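**Student:** Numbering (our numbering), first residue to last: 63 to 400.
Each residue gets a CB set at the ideal place from its N, CA and C atoms; glycine is no exception.
Quick caveat: nothing in here was measured; it's all calculated off a predicted structure.
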Amino acid sequence: SWWQTLGHYEPNQRLFPNGIAGLKDCVERVHAAGLKAGMHTLTGCISTNDPWVTPVPDARLKADATYTLAQPMDATSDTIFTVEKPGRHDTIWSYSGAGNAIRIGEELIRYSAISYEEPYGFLNCERGAFGTTPAAHDQGARVDHLLQRYLAFYPDETTTLVGEVADRIARVYNECGFDQIYQDGSEGMGDWHSMEVMRNAIFERLTPPPILEASAWGHWSWWYHSRIGAWDHSKWGFRISHDQHIAAIPTYRQAALLQAQLGWWAVNGPGPVYRAEMPDEMEYFCAKNLAHDAPMSLQGIGRIGSPANRRMSEYLTMTGWYERLRLARYFDDEVLAA
63 SWWQTLGHYE PNQRLFPNGI AGLKDCVERV HAAGLKAGMH TLTGCISTND
113 PWVTPVPDAR LKADATYTLA QPMDATSDTI FTVEKPGRHD TIWSYSGAGN
163 AIRIGEELIR YSAISYEEPY GFLNCERGAF GTTPAAHDQG ARVDHLLQRY
213 LAFYPDETTT LVGEVADRIA RVYNECGFDQ IYQDGSEGMG DWHSMEVMRN
263 AIFERLTPPP ILEASAWGHW SWWYHSRIGA WDHSKWGFRI SHDQHIAAIP
313 TYRQAALLQA QLGWWAVNGP GPVYRAEMPD EMEYFCAKNL AHDAPMSLQG
363 IGRIGSPANR RMSEYLTMTG WYERLRLARY FDDEVLAA
């Protein structure tokens, strides 16, 4: 992915050696081909190799729990003793988990066990995590469990870090001339208010206003959504999954007064625990989208490397047939109902 945070949302130098200028050139080529260019972000995410994290973690990174250090620590201590009983936290660092990162002063520490009985604390610690420096900490020091999801940290929504992150995301959008933004992972901010503060901070900085979708939405962001309803694609049960998605259309259209989105859909190939997607399943997807006159989006389709499914070109051709018929309003209501 080009969207690696190699320092305050800079383009990946391996893919874009000319930095932001190279990314802008890519967007201009997309426009020259008669297409629109969109950018996908994990909203508010701050990568673990970002200067906001390493070598000195920003004090404005959001914590989801705070404790008090019960005993002093030197630079090699492998246990964080706390006055308070720890809450239920993860003990591993994982994509969908809440993380195991502690901030004390200017050091980040990771633990792999928790003591829920006295003496309370976080055990088996990795000192100086994420390139920070191990240090001694006094008894009574503040111990923050940092909010983590999607292998990233987040800004505290009450601080100026929200604006700084929004500035960096908006810089890429504005300077490169993007047309669309997908604010994915916005739920990672932790709660609805935090999510909307972050999303609005980004939106108000984008010029011109984008075509916008997101992984979550509420009444604070309703007014700038183009459509809602994008779901992560299925690996099995394709028809059942799509039927469930279709069942949500009335909520999007009648209740929210917004256009429905029937993506994301992927042309799946065989995997370790699932089989390849078959032609009739792809046609089911296309036919239902046509019948409900709903736009959709596809994932995992690129020009580099072999496709996951060797019939991908055939499936994309099929999708094109159905989309042309849908956009032309070719069939009458009786046929669409059938």
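Spatial neighbours of valine 234 within its chain, please: C-beta separation below 8 Å, excluding the five flanking residues on both sides.
**Tutor:** Tyr71, Pro73, Ile82, Leu85, Met101 and Phe240, listed in sequence order.
**Student:** Pick out whichever of Ser296, His354 and Asp120 has its Cα sitting closest to the Cα of threonine 221.
**Tutor:** Of Ser296, His354 and Asp120, the residue nearest in Cα terms is Asp120.
**Student:** Nearest to arginine 204 by alpha carbon, out of Lys297, Thr130 and His93?
**Tutor:** Nearest option by C-alpha distance: Thr130.
**Student:** In chain order, what residues of the same chain have a beta carbon less than 7 Å from the beta carbon of glycine 159, not counting five sequence neighbours either side?
**Tutor:** Excluding positions up to five away in sequence, the list reads Asp152.
**Student:** Kindly give me the distance between the Cβ atoms of glycine 280 and glutamate 266, rounded to whole angstroms, as I take these residues to be in contact under 8 Å.
**Tutor:** The pair is not a contact, with the Cβ atoms about 16 Å apart (cut-off 8 Å).
**Student:** Identify the continuous beta strand (DSSP E) that holds valine 205 and give its terminal residues.
**Tutor:** From DSSP, the beta strand (DSSP E) with valine 205 extends over 204-208.
**Student:** What does the alpha-carbon distance come out to for the pair phenylalanine 215 and threonine 379?
**Tutor:** So the alpha carbons of these two residues sit roughly 41 Å apart.
**Student:** Measure from the alpha carbon of methionine 251 to the alpha carbon of each residue in Trp114, Thr381, Tyr346 and Lys124, then state which is nearest.
**Tutor:** Comparing Cα-Cα distances from methionine 251 to each of Trp114, Thr381, Tyr346 and Lys124, the minimum goes to Lys124.
**Student:** Going by beta carbon distance, what residues of the same chain come within less than 8 Å of alanine 399, once the five residues before and after it are set aside?
**Tutor:** Ala353.
**Student:** Determine the DSSP secondary structure at glutamate 339, reduced to helix, strand or coil.
**Tutor:** In the structure shown, glutamate 339 sits in coil (DSSP, three-state: anything other than H, G, I, E or B).
**Student:** Taking just the CA atoms, how far does threonine 194 sit from glutamate 180?
**Tutor:** Distance between the alpha carbons of glutamate 180 and threonine 194: 29 Å.
**Student:** What residue range is occupied by the uninterrupted alpha helix (DSSP H) comprising tyrosine 377?
**Tutor:** From DSSP, the alpha helix (DSSP H) with tyrosine 377 extends over 374-389.
**Student:** For glutamine 477, which residues from the same chain have a beta carbon less than 7 Å from its beta carbon, with the 5 sequence-adjacent residues on both sides left out?
**Tutor:** A query on residue 477 cannot be resolved here, the shown segment of the chain reaching from 63 to 400 and no further.
**Student:** Let me check understanding here. Comparing Cα to Cα, which of Phe393, Ile366, Glu376 and Gly291 lies closest to serine 359?
**Tutor:** Nearest C-alpha to serine 359: Gly291.
**Student:** Using 8 Å as the threshold, is the segment 371-386 in touch with the segment 332-349, meaning 3 or more CB pairs across them?
**Tutor:** Yes, since at least three Cβ pairs between the segment 371-386 and the segment 332-349 fall closer than 8 Å, the two stretches touch.
**Student:** Report the residue ranges of all beta strand (DSSP E) runs contained in full by the segment 100-180; include only those spanning at least 3 residues, in chain order.
**Tutor:** With a minimum length of 3 residues, the continuous beta strand (DSSP E) runs that stay inside the segment 100-180 are 100-104, 125-130, 163-166, 169-172 and 175-177.
**Student:** For phenylalanine 192, tell me which candidate among Trp114, Thr313 and His295 has the shortest Cα-Cα distance.
**Tutor:** Among Trp114, Thr313 and His295, the Cα nearest to that of phenylalanine 192 is on Trp114.
**Student:** What do you get for glycine 30, buried or exposed, if any count of 16 or more other CB atoms within 10 angstroms of its CB means buried?
**Tutor:** Outside the modelled stretch of the chain, which goes from 63 to 400, sits residue 30, for which no answer is possible.
**Student:** Give every residue of the same chain whose Cβ lies closer than 8 Å to the Cβ of glycine 202, excluding the five residues on either side of it in the sequence, and list them in chain order.
**Tutor:** Thr130 and Leu131, listed in sequence order.
**Student:** Just to confirm, are serine 283 and arginine 261 a CB contact at a threshold of 8 Å?
**Tutor:** Their beta carbons are under 8 Å apart, which means serine 283 touches arginine 261 by this criterion.
**Student:** Of the choices Glu339, Arg388, Asp395 and Tyr392, whose alpha-carbon is the least far from that of methionine 374?
**Tutor:** Selected option, being the one with the closest Cα: Glu339.
**Student:** Quick one: Cα of glutamate 219 to Cα of histidine 207, how far?
**Tutor:** Looking at the two C-alpha atoms, the distance is approximately 16 Å.
**Student:** Suppose the cutoff is 6 Å on Cβ atoms and the five residues either side in sequence are ignored; what does the same chain contact list for glycine 325 look like?
**Tutor:** Cβ within range, chain order: Ala292, Met358 and Ser359.
**Student:** Give me whichever residues DSSP pairs with glutamate 249 in a beta bridge.
**Tutor:** Answer is none; glutamate 249 lacks a bridge partner.
**Student:** Note down, in chain order, each residue of its chain lying with its Cβ closer than 6 Å to the Cβ of valine 118, except the 5 sequence neighbours on either side.
**Tutor:** Contacts found: Glu168.
**Student:** One question on the structure: do glutamine 242 and lysine 98 come within less than 8 Å of each other, judged by their Cβ atoms?
**Tutor:** Taking 8 Å as the Cβ cut-off, glutamine 242 and lysine 98 qualify as a contacting pair.
**Student:** So is arginine 76 buried or exposed if we call it buried at 16+ other beta carbons inside 10 Å?
**Tutor:** It counts as exposed.
**Student:** Compute the distance between the beta-carbons of glycine 362 and alanine 370, then report whether it is under 8 Å.
**Tutor:** Yes, these two residues count as a Cβ contact at 8 Å.
**Student:** In angstroms, rounded to a whole number, what distance separates the CA positions of serine 63 and aspartate 229?
**Tutor:** Since pLDDT at serine 63 reaches only 36, below the 50 mark, its modelled position is unreliable, and no value is offered.
**Student:** Please report the Cβ distance between glutamine 321 and threonine 105, rounded to the nearest whole angstrom; I am assuming they are in contact, meaning their Cβ atoms lie under 8 Å.
**Tutor:** The Cβ separation is near 21 Å, so there is no contact.
**Student:** Excluding the five sequence neighbours on either side, which residues of its own chain have a C-beta within less than 6 Å of the C-beta of glutamine 66, listed in chain order?
**Tutor:** Per-residue confidence for glutamine 66 stands at a pLDDT of 41, beneath the threshold of 50, marking its modelled position as unreliable; the derived number appears in the next sentence. Excluding sequence neighbours, glutamine 66 sits near Asn74.
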